[in-house]
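Notes to accompany the following structure.
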């Protein structure tokens, strides 16, 4: 059986965790795979293990903009804890890997039986609200380079590795900027020896330097996860 390497599931009391996992199946998530669309009822809830998901806001006449991520610290489908079946945002797989998947009716049955699951989902929803607010302010006030550094740190945390795949086009889409802006910002980080980036393969070379280059929003998100969910360290850094 695939281990339950999802922080929200690990927070549950053992009986609740066993019941939930008994209803779950481990499924592969492929890069750029769509998991839900805004306004469309969810069919499944996903608890990422070694995969991670981008939450994208859509505005008519404009490309989408990433406003959040979900990795093994969280869950896709938390709105069900509020009695809302429709997805608020588009969800695209940003990092391929595995997730626990559970059908919505089964999830709702476990939610009704487990006060602990309700408690932690409500806390997670608060953290997600705070992250959305931070993302809005970040887009308005921070320059592309520190925003890119923040995004790379968030991706590295969820990839659980110093190497991951990402194209210029995808970075531009996620950051809501033109590709030339990503090229300039990534080039500046590379010249300072913080990253190595070539043909979609990105390697973080200097994690402390990248943290120093990121905007303050990265640390703000990290504190929020730590304060409200006690998200643990992973390889010496906080998993957010």
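Residue numbers (my numbering): 9 to 248. Glycine included, every Cβ here is placed at the ideal spot set by N, Cα and C.
Limits of the unbroken beta strand (DSSP E) element including residue i
{"i": "residue 156", "result": "Element bounds for residue 156: not the beta strand (DSSP E) but the alpha helix (DSSP H), 152-167."}
{"i": "residue 50", "result": "No beta strand (DSSP E) holds residue 50; DSSP gives it neither H nor E."}
{"i": "residue 190", "result": "No beta strand (DSSP E) holds residue 190; the alpha helix (DSSP H) holding it covers 187-199."}
{"i": "residue 216", "result": "Not the beta strand (DSSP E): residue 216 falls in the alpha helix (DSSP H), residues 215-221."}
{"i": "residue 39", "result": "From DSSP, residue 39 is part of no beta strand (DSSP E); its letter is neither H nor E."}
{"i": "residue 250", "result": "Because the chain in this structure spans residues 9 to 248, residue 250 falls outside the shown range and cannot be described."}
{"i": "residue 210", "result": "209-212"}
Near the ligand ATP: residue i beta-carbon under 8 Å from a heavy atom
{"i": "residue 137", "result": "For the ligand ATP, the structure offers nothing, since it holds no ligand at all."}
Buried or exposed by the 16-neighbour rule on C-beta atoms within 10 Å, applied to residue i
{"i": "residue 235", "result": "exposed"}
{"i": "residue 15", "result": "buried"}
{"i": "residue 56", "result": "buried"}
{"i": "residue 244", "result": "The predicted position of residue 244 is uncertain, since its pLDDT is 41 and thus under 50; a value taken from the coordinates is nonetheless stated next. Its Cβ having fewer than 16 others within 10 Å, residue 244 is exposed."}
{"i": "residue 9", "result": "Residue confidence is low: residue 9 scores 47 on pLDDT, short of 50, so the model does not pin down where it sits. No coordinate-derived value is stated."}
{"i": "residue 231", "result": "exposed"}
{"i": "residue 118", "result": "buried"}
{"i": "residue 38", "result": "exposed"}
{"i": "residue 149", "result": "exposed"}
{"i": "residue 28", "result": "buried"}
{"i": "residue 151", "result": "exposed"}
{"i": "residue 157", "result": "buried"}
{"i": "residue 48", "result": "exposed"}
{"i": "residue 211", "result": "exposed"}
{"i": "residue 281", "result": "Residue 281 is absent from the structure shown; the chain starts at 9 and stops at 248."}
{"i": "residue 23", "result": "exposed"}
{"i": "residue 129", "result": "buried"}
{"i": "residue 103", "result": "buried"}
{"i": "residue 77", "result": "buried"}
{"i": "residue 248", "result": "For residue 248, the predicted structure reports a pLDDT of 47, less than 50, and the residue's modelled location is therefore unreliable. A value from the coordinates is still provided. Buried, by the Cβ-count rule."}
Sub-9 Å separation of residue i and residue j beta-carbons
{"i": "residue 251", "j": "residue 107", "result": "The question about residue 251 has no answer, for the chain in this structure spans 9 to 248."}
{"i": "residue 134", "j": "residue 83", "result": "no"}
{"i": "residue 94", "j": "residue 112", "result": "no"}
{"i": "residue 143", "j": "residue 225", "result": "yes"}
{"i": "residue 187", "j": "residue 180", "result": "yes"}
{"i": "residue 58", "j": "residue 176", "result": "no"}
{"i": "residue 199", "j": "residue 217", "result": "no"}
{"i": "residue 73", "j": "residue 86", "result": "no"}
{"i": "residue 213", "j": "residue 81", "result": "no"}
{"i": "residue 110", "j": "residue 18", "result": "no"}
{"i": "residue 46", "j": "residue 88", "result": "no"}
{"i": "residue 79", "j": "residue 166", "result": "yes"}
8 Å contact criterion, which residue i and residue j should meet: CB distance rounded
{"i": "residue 160", "j": "residue 203", "result": "7 Å"}
{"i": "residue 53", "j": "residue 63", "result": "Actually they are not in contact, since the Cβ atoms of residue 53 and residue 63 sit about 14 Å apart, beyond 8 Å."}
{"i": "residue 183", "j": "residue 155", "result": "6 Å"}
{"i": "residue 100", "j": "residue 61", "result": "7 Å"}
Boundaries of the alpha helix (DSSP H) in which residue i is found, first to last residue
{"i": "residue 232", "result": "225-237"}
{"i": "residue 179", "result": "176-183"}
{"i": "residue 80", "result": "Segment: none, residue 80 is in no alpha helix (DSSP H) and carries neither H nor E."}
{"i": "residue 57", "result": "Careful: residue 57 lies outside any alpha helix (DSSP H) and carries neither H nor E."}
{"i": "residue 16", "result": "15-19"}
{"i": "residue 170", "result": "Residue 170 -> no alpha helix (DSSP H), and no H or E assigned at all."}
{"i": "residue 28", "result": "22-31"}
Min CB distance residue i to chain B below 9 Å
{"i": "residue 146", "result": "Given the protein chain composition of this structure (a single chain), no chain B is represented."}
_If we require 4 or more residues per run, which alpha helix (DSSP H) segments fall completely within the region 83-163?_
Inside the region 83-163, DSSP marks whole alpha helix (DSSP H) runs of 4 or more residues at positions 112-121, 123-149, from first to last along the chain.
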